[in-house]
Amino acid sequence: MLHRSQGFRGRPRPGPLITASQPRCQETGLPPPPRRHLTLPLALAALAAGQPVGAEVSFADRAAALPVQHSYEGDWNHYVGGGVAVFDCNGDDLPELFAAGGAAPAHLLLNTSKPGGELTFAEGQLPPLDGTTGAYPMDIDGDDLLDLVVLRDGTNALLRGTGDCKFTPPPAEWHFDGGQEWTTAFTATFEPGESWPTLVFGNYVDRTNPDGPFEACDRNFLHRPDGRAFAPRVALEPGFCALSMLISDWQRNGTPDLRISNDRQYYVRAGREQMWHLRPLAEYTEAEGWPTLRLWGMGIASRDITGDGLPEVVLTSMGDQPLQINQGGGVMKNAPYSMGSYATTPYSGDDGRPSTGWHAQFGDVNNDGWDDLFIAKGNVEQMPSNAIHDPNNLLIRQPDGSFAEKGGVTGIGTTERSRGAGLADLNRDGKLDLVVVNRRAPLELWQNTTADAGHWIALDLRTPGANSRAIGAIVELRLPDGRVLTQENTVGGGHVSGQAVPLHFGLGAAQTAELRVIWPDATASDWTPVTADRLYRLSPGQGAALTLTERP
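Note that the UniProt record's numbering has the sequence shown beginning at 1, numbered continuously upward.
Spelled out as structure tokens, the structure:
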């Protein structure tokens with residue numbers, strides 16, 4: 001077995017966090033875009049040359065199939081938030097939806113679609129919940145049933161899944177303290193040797209501060225395990241009005257870190273984007289090479305899009321939606337504007353004011369083997385400095401590695417005040433569908449109807465014991481042409497919108513592939529052949545073997 005610290009695919013273990021000093025834009029704090037095109041890894045450039053353009057993407061509006069008209073409502077305390085959780089709570093491999101409602105009710109939408117058919121849903125039952133801002137599904141207690149972490153303006157809630165999409169409050173012996181904060185971000189992991197997860201809650205403005213809301217950001221809180229329960233929560237200070245957070249092994253050195261994206265609208269001057277060591281618990285410093293970066297941070301999307309095994313990140317904001325290319329060794333470098341990913345202003349209409357980005361997510365919507373990018377857009381409320389009619393982005397990856405806007409031609413580029421969202425295969429046809437939560441407007445449901453999409457594979461990870469969904473695992477999928485696609489199995493990121501669904505890979509024309517899994521305990525499976533257009537459940541086998549079970 002290969003241990004993570006040895007480095008995978010011959011890649012050396014990254015060194016200390018280092019970043020080159022660069023001049024910064026006075027308004028955003030971002031380094032300016034390079035004057036020359038950033039050279040992507042040579043392997044990507046070589047493989048991209050001559051690749052056929054993927055199928056033309058199309059979506060059909062299926063909102064009429066929803067049993068309720070859901071919207072995210074409320075006053076100032078619900079200008080942010082508005083998430084959706086995507087997860088299968090009854091074991092039929094068709095994901096359900098939990099949509100936060102703010103001052104309106106949250107809704108559980110049960111997936112009644114037929115595999116390959118039109119999307120249909122029925123209303124499910126939830127315990128009484130108000131003030132919800134978002135939700136993230138995960139298996140907290142290791143019973144292989146998905147639970148829900150529900151974020152609220154008020155006391156956060158854990159809903160214990162009991163099967164068949166039923167939920168109850170957690171047992172008192174879990175010792176969970178939901179606090180009383182205004183929670184707008186979440187992430188989680190299982191730390192080495194633990195049988196209970198570590199949860200992190202990100203909070204926005206401290207509503208009890210009489211001098212607020214400006215320069216009155218609240219603290220964030222870390223909940224570590226104490227056996228099979230939660231220890232008293234620990235404050236992460238300073239907090240800078242978190243709107244997204246993600247625990248990820250972003251350096252691929254076997255040591256996950258905590259990234260927090262913060263909103264400068266309310267921290268104003270003293271805040272910044274943050275990265276935290278988990279053990280020992282400490283914020284990265286400039287002396288370690290972590291640069292000071294300030295933006296209106298609202299969402300995080302993470303995916304290796306260059307083919308080197310290291311994840312890139314998109315950080316949504318007002319104006320630019322920066323894409324940072326992972327250079328290795330702890331260095332993140334802004335992608336060039338010519339990559340087409342910044343989505344700075346609306347691409348339709350005559351409103352040239354800056355955009356406002358919220359949820360962001362990578363996914364291969366036409367299954368051509370190249371990850372695309374969705375960004376939810378929408379004015380905070382009536383902010384005059386930013387576009388009012390701000391269409392959602394669907395940025396389709398091109399053969400040269402750039403992105404092309406297709407939100408308008410596919411129809412998903414609506415101009416409501418969108419917030420949270422989810423890209424996921426909702427009817428098991430191998431194509432990623434889309435759900436979008438809007439503030440003061442109905443929830444959107446889009447079925448992917450792309451004709452001539454490429455082949456695909458979906459991988460549902462399982463491990464024995466507490467971490468049943470293999471949080472922290474890394475999957476590498478090798479195509480026949482030698483290109484390797486990499487995804488990390490995480491909980492967190494986006495804008496208050498979580499998923500617990502199979503990892504989806506587009507394969508293009510390939511009908512076979514090989515895969516291996518680097519499990520959360522840092523052991524790696526053998527490379528194992530798989531066939532396209534299938535949903536597999538994966539679990540560790542004997543030694544370095546990989547157990548694959550094809551789902552019916």
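Glycine included, each C-beta is placed from N, C-alpha and C at the ideal position.
Checklist entry - At which residues does the alpha helix (DSSP H) containing residue 537 begin and terminate? => result Note, residue 537: premise wrong, no alpha helix (DSSP H); beta strand (DSSP E) at 534-540.
Item to check | Beta-carbon contacts of residue 227 that lie in its chain and below 6 Å, excluding the five residues immediately before and after | outcome: none
Next on the checklist: Restricting to Cα atoms, I'd like to know which of 249, 198, 76 is closest to residue 518.
Outcome noted: 249
Next on the checklist: Can you tell me whether residue 454 is helix, strand or coil according to DSSP?
Outcome noted: coil
Checklist entry - Does the beta-carbon of residue 214 have 16 or more other beta-carbons within 10 angstroms, so that it is buried, or is it exposed? => result exposed
Item to check | Buried or exposed by the 16-neighbour rule on C-beta atoms within 10 Å, applied to residue 418 | outcome: buried
Checklist entry - When DSSP labels each residue in this structure, what does residue 517 get in the three-state scheme? => result strand
Next on the checklist: Between the alpha carbons of residue 284 and residue 238, how many angstroms are there, rounded?
Outcome noted: 12 Å
Item to check | Presumed contact (8 Å Cβ cut-off) between residue 428 and residue 94, rounded CB distance | outcome: 6 Å
Item to check | Nonlocal neighbours in the same chain, by C-beta distance under 8 Å from residue 465, ignoring five residues either side | outcome: 142, 195
Next on the checklist: Between the region 454-473 and the region 382-399, can you find at least three pairs of beta-carbon atoms closer than 8 Å?
Outcome noted: no
Item to check | Limits of the unbroken alpha helix (DSSP H) element including residue 409 | outcome: 407-410
Checklist entry - Rounded to whole angstroms, how far is the Cβ of residue 190 from the Cβ of residue 363, which I believe are closer than 8 Å? => result Incorrect: roughly 25 Å between the Cβ atoms, too far for contact.
Next on the checklist: For the region 543-551 against the region 515-532, do three or more pairs of beta-carbon atoms, one drawn from each stretch, fall closer than 8 Å, so that the two count as touching?
Outcome noted: yes
Next on the checklist: Assess contact between the region 275-292 and the region 301-317, defined as three or more Cβ pairs (one per stretch) separated by less than 8 Å. Is contact present?
Outcome noted: no
Next on the checklist: If I follow the unbroken beta strand (DSSP E) through residue 447, where does it start and stop?
Outcome noted: 444-448
Item to check | Simplified DSSP state of residue 252, which is helix, strand or coil | outcome: coil
Checklist entry - For residue 96, which option in 157, 179, 119 has the closest C-alpha, if you only look at C-alpha atoms? => result 119
Next on the checklist: By alpha-carbon positions, which one of 65, 197, 123, 474 ends up nearest to residue 254?
Outcome noted: 474
Checklist entry - Can you tell which of 105, 449, 372, 60 has its C-alpha closest to the C-alpha of residue 71? => result 105
Item to check | C-alpha distance - residue 23 paired with residue 335, whole-angstrom precision | outcome: Reliability fails at residue 23, whose pLDDT of 32 lies under 50, so the model's placement of it is uncertain and the value that follows must be treated cautiously. Rounded to whole angstroms, residue 23 to residue 335 spans 15 Å at the Cα level.
Checklist entry - From residue 321 to residue 542, what does the alpha carbon distance come to, in whole angstroms? => result 44 Å
Checklist entry - By the 10 Å Cβ neighbour count, where 16 or more other Cβ atoms means buried, how is residue 379 classified, buried or exposed? => result buried
Next on the checklist: Taking the straight line between their C-alpha atoms, what separation do you get for residue 204 and residue 424?
Outcome noted: 28 Å
Next on the checklist: Among 240, 291, 260, whose alpha-carbon lies nearest the alpha-carbon of residue 266?
Outcome noted: 240
Item to check | Three-state class that DSSP yields for residue 265 in the structure shown | outcome: helix
Checklist entry - Is it a yes or a no for the region 499-508 touching the region 447-456, going by three-plus beta-carbon pairs under 8 Å? => result yes
Next on the checklist: Can you tell me whether residue 298 is helix, strand or coil according to DSSP?
Outcome noted: coil
Checklist entry - Do you know offhand how far residue 268's Cα is from residue 325's? => result 27 Å
Checklist entry - According to DSSP, which residues form a beta bridge with residue 487? => result 475
Item to check | Reduced DSSP secondary structure (H/G/I, E/B, other) of residue 318 | outcome: strand
Item to check | Contacting residues, own chain, Cβ-Cβ under 7 Å from residue 90 (five flanking each side not counted) | outcome: 164, 165
Checklist entry - Using the C-alpha atoms, what's the distance from residue 198 back to residue 174? => result 13 Å
Checklist entry - Hey, is the region 256-266 in contact with the region 215-226, meaning 3+ C-beta pairs nearer than 8 Å? => result yes
Next on the checklist: Here's the rule: buried if 16 or more other CB atoms are within 10 angstroms of the residue's CB, otherwise exposed. What is residue 124?
Outcome noted: buried
Checklist entry - For residue 74, which of helix, strand or coil comes out of DSSP? => result coil
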